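Numbering-wise (UniProt numbering), the sequence shown opens with residue 1 and increments by one.
From the three backbone atoms N, C-alpha and C, an ideal C-beta is built for every residue, glycine too.
These numbers come from a predicted model, not from an experiment.
To keep things clear, I will list the structure first and then write my remarks on it.
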Amino acid sequence: MTIQSAFAGIMEAIRPLYDAREASNIAHLVMEHVTGLGKLDRIIHKDGDLPPAQEALYQQALQSLLELRPVQHITGKSWFYGMELTVSEQVLIPRPETEELVEWILLDHPTQPAWRLLDIGTGSGCIPIALKKQWPAADIWAMDVSTSALAVATRNAGIQHTPVRFVHQDVLSPDASKVLPSLNIIVSNPPYIRESERTGMQQQVQAFEPGIALFVPDNDPLLFYRRIAALAKEKLEPGGKLYFEINEALGQEVVALLVKEGFEDVRLKQDMFGKDRMVRCTKKEAAPADTTSPS
Numbered sequence: 001m002t003i004q005s006a007f008a009g010i011m012e013a014i015r016p017l018y019d020a021r022e023a024s025n026i027a028h029l030v031m032e033h034v035t036g037l038g039k040l041d042r043i044i045h046k047d048g049d050l051p052p053a054q055e056a057l058y059q060q061a062l063q064s065l066l067e068l069r070p071v072q073h074i075t076g077k078s079w080f081y082g083m084e085l086t087v088s089e090q091v092l093i094p095r096p097e098t099e100e101l102v103e104w105i106l107l108d109h110p111t112q113p114a115w116r117l118l119d120i121g122t123g124s125g126c127i128p129i130a131l132k133k134q135w136p137a138a139d140i141w142a143m144d145v146s147t148s149a150l151a152v153a154t155r156n157a158g159i160q161h162t163p164v165r166f167v168h169q170d171v172l173s174p175d176a177s178k179v180l181p182s183l184n185i186i187v188s189n190p191p192y193i194r195e196s197e198r199t200g201m202q203q204q205v206q207a208f209e210p211g212i213a214l215f216v217p218d219n220d221p222l223l224f225y226r227r228i229a230a231l232a233k234e235k236l237e238p239g240g241k242l243y244f245e246i247n248e249a250l251g252q253e254v255v256a257l258l259v260k261e262g263f264e265d266v267r268l269k270q271d272m273f274g275k276d277r278m279v280r281c282t283k284k285e286a287a288p289a290d291t292t293s294p295s
């Protein structure tokens, strides 16, 4: 089997599952994983035969694709904000929409402040690692309930040379805030897909990405937003910012919750596809002390 015929074989096998552009991207990622060669080198050596070990890896990858396993789990890698990160079934695969959330934070604070920042539900660590890359002087914390996810995130932080303080904690626990310092920014991409929406999701997501990071009960879809808002009221400095990624169907509900909780400058932002995807708000500044003398 040559490199060219192997590529063509993937395209033919997955064409019923993906559109042509996505199928091509997947085939290129798998072939780079199998051969260790970039696209240009694979073109130059397209008539070269796959050694037996590579052909075995190719067959294994092809079978995984036909089982609808995400290509990122096959290669063990995913790109986020210009970084190659390790991923596994223990963490969500980083999405472009989450890159937009990171970009919003950076655009809001272009001076690279030496602040304290917390990411809640960090998963692969993509958000805090990307921010630490851009803000090396910041003291960045990241929390997750999953020890397996934290192991992936810690590995990614080491590979990227980005010191992040990882904390094993369930944000729903009353004790979640005890180990945290005061903070200038809190960011979270929490579980926000309602259980009733599960059946409409791609099989690649349902079967292979961690449900604990995806789903919330239908009767309490704002569970994590309410708890994180309470933590933010306790731990954010006055004037501090809270950023969320959200369910596109619940944007107004999240805004109303944050207004009710006393945050100001609550803004709903759309993603590149025009869907409600992010919310930012500010903890109110402390009221000035009344210095007037009693009459």
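Classify Gln72 as buried or exposed, calling it buried when 16 or more other Cβ atoms lie within 10 Å of its own Cβ.
For this step, residue 72 is matched to residue 72 along the sequence shown. Gln72 should be labelled buried.
Minimum C-alpha distance to Ser196 - residue among Asn184, Leu214, Leu183 and Ile186
What you label residue 196 is simply residue 196 of the sequence shown in a count that begins at 1. When only C-alpha atoms are compared, the closest one is Leu214.
According to DSSP, what are the bridge partners of Phe215?
Numbered from its first residue, the sequence shown carries residue 215 at position 215. Phe215 is bridged by DSSP to Ile193.
Whose C-alpha, out of Asp220, Leu183, Lys269 and Val205, is nearest the C-alpha of Pro238?
If you number the sequence shown from 1, residue 238 lands on position 238. In terms of CA proximity to Pro238, Leu183 leads the group Asp220, Leu183, Lys269 and Val205.
Coarse secondary structure for Ser295, derived from DSSP in three states:
Counting from 1 along the sequence shown, the entry for residue 295 is found at position 295. For Ser295, the pLDDT reaches just 48, beneath the cut-off of 50, and the residue's location in the model is therefore unreliable, although a value from the coordinates is still provided. Taken through DSSP and simplified to helix, strand or coil, Ser295 comes out as coil.
Nearest neighbour of Lys269, chosen from Val87, Gly262, Cys281 and Pro210 [CA to CA]
Within the sequence shown, the letter at position 269 stands for residue 269. Nearest Cα to Lys269 within the set Val87, Gly262, Cys281 and Pro210: Cys281.
I want to know whether the segment 61-69 touches the segment 110-121 - three or more CB-CB distances under 8 angstroms.
no
Skipping 5 residues on each side, what residues in its chain have a beta carbon closer than 7 angstroms to that of Thr147?
Start at 1 with the first residue of the sequence shown, and residue 147 comes out as number 147. These residues qualify, in order along the chain: His168.
My parser needs the beta strand (DSSP E) runs of 3 or more residues fully inside the segment 148-197; what are they?
165-168 and 183-188
Residue range of the beta strand (DSSP E) that Gly240 falls in?
As a working mapping, residue 240 is identified with position 240 in the sequence shown. Residues Leu236 to Glu245.
What's the C-alpha gap between Val171 and Thr122?
What you label residue 171 is simply residue 171 of the sequence shown in a count that begins at 1. What you label residue 122 is simply residue 122 of the sequence shown in a count that begins at 1. About 11 angstroms.
Assigned exposure category for Gly200 - 16 Cβ within 10 Å defines buried:
Locating residue 200 in the sequence shown gives position 200, counting from the first residue. Exposed, because fewer than 16 other Cβ atoms sit within 10 Å of the Cβ of Gly200.
Residues bridged to Ile140 [DSSP beta-bridge criterion]
Taking the first residue of the sequence shown as 1, we reach residue 140 at position 140. DSSP lists Leu117 as partners of Ile140.
Look up Met278 in the DSSP assignment and say whether it is helix, strand or coil.
Position 278 of the sequence shown, counted from the start, is the residue given in the question as residue 278. Looking at Met278 - three-state DSSP - the assignment turns out to be strand.
To the nearest angstrom, how far is it from the Cα of Phe7 to the Cα of Arg15?
Taking the sequence shown and counting its residues from 1, one reaches residue 7 at position 7. Taking the sequence shown and counting its residues from 1, one reaches residue 15 at position 15. Phe7 and Arg15: Cα-Cα distance of roughly 12 angstroms.
State yes or no: is the C-beta of Leu222 within less than 7 angstroms of the C-beta of Leu257?
What you label residue 222 is simply residue 222 of the sequence shown in a count that begins at 1. What you label residue 257 is simply residue 257 of the sequence shown in a count that begins at 1. Yes, these two residues count as a Cβ contact at 7 angstroms.
On the criterion of 16 or more Cβ atoms from any shown chain inside 10 Å, does Glu22 qualify as buried, or is it exposed?
Position 22 of the sequence shown, counted from the start, is the residue given in the question as residue 22. By the 10 Å Cβ count, Glu22 comes out exposed.
Buried or exposed for Arg42, going by 16 or more other Cβ atoms inside 10 Å?
Residue 42 sits at position 42 when you count from the first residue of the sequence shown. Result: buried.
Is Asp19 buried or exposed, if buried means 16 or more other CB atoms sit within 10 Å of its CB?
Against the sequence shown, residue 19 aligns to sequence position 19. Asp19 is exposed by the Cβ-count criterion.
Nearest-angstrom Cα separation, counted from Ala207 out to Lys275
Along the sequence shown, read from residue 1 onward, the residue named residue 275 stands at position 275. Along the sequence shown, read from residue 1 onward, the residue named residue 207 stands at position 207. Between Lys275 and Ala207, the C-alpha separation is close to 25 angstroms.
To which residues does DSSP link residue 296 through a beta bridge?
No statement about residue 296 is possible, as the shown extent of the chain runs from 1 to 295 and does not include it.
Please identify the residue among Val205, Arg194 and Ala232 whose C-alpha is closest to the C-alpha of Ser177.
To locate residue 177, count along the sequence shown from 1; it is residue 177. For Ser177, the closest of Val205, Arg194 and Ala232 by C-alpha to C-alpha distance is Ala232.
Give the C-beta separation of Val216 and Ile185 to the nearest angstrom, bearing in mind that I take them to be a contact with Cβ-Cβ under 8 angstroms.
Translated into the one-based positions of the sequence shown, residue 216 becomes position 216. Translated into the one-based positions of the sequence shown, residue 185 becomes position 185. Incorrect: roughly 24 angstroms between the Cβ atoms, too far for contact.
Mapping DSSP to helix, strand and coil, what is Lys283?
Here the question's residue 283 lines up with position 283 in the sequence shown. Coil, per DSSP.
Option nearest Trp135 by Cα separation, candidates Pro163, Leu150, Asp144 and Met143
Counting from 1 along the sequence shown, the entry for residue 135 is found at position 135. Taking only the C-alpha atoms, the option nearest Trp135 is Pro163.
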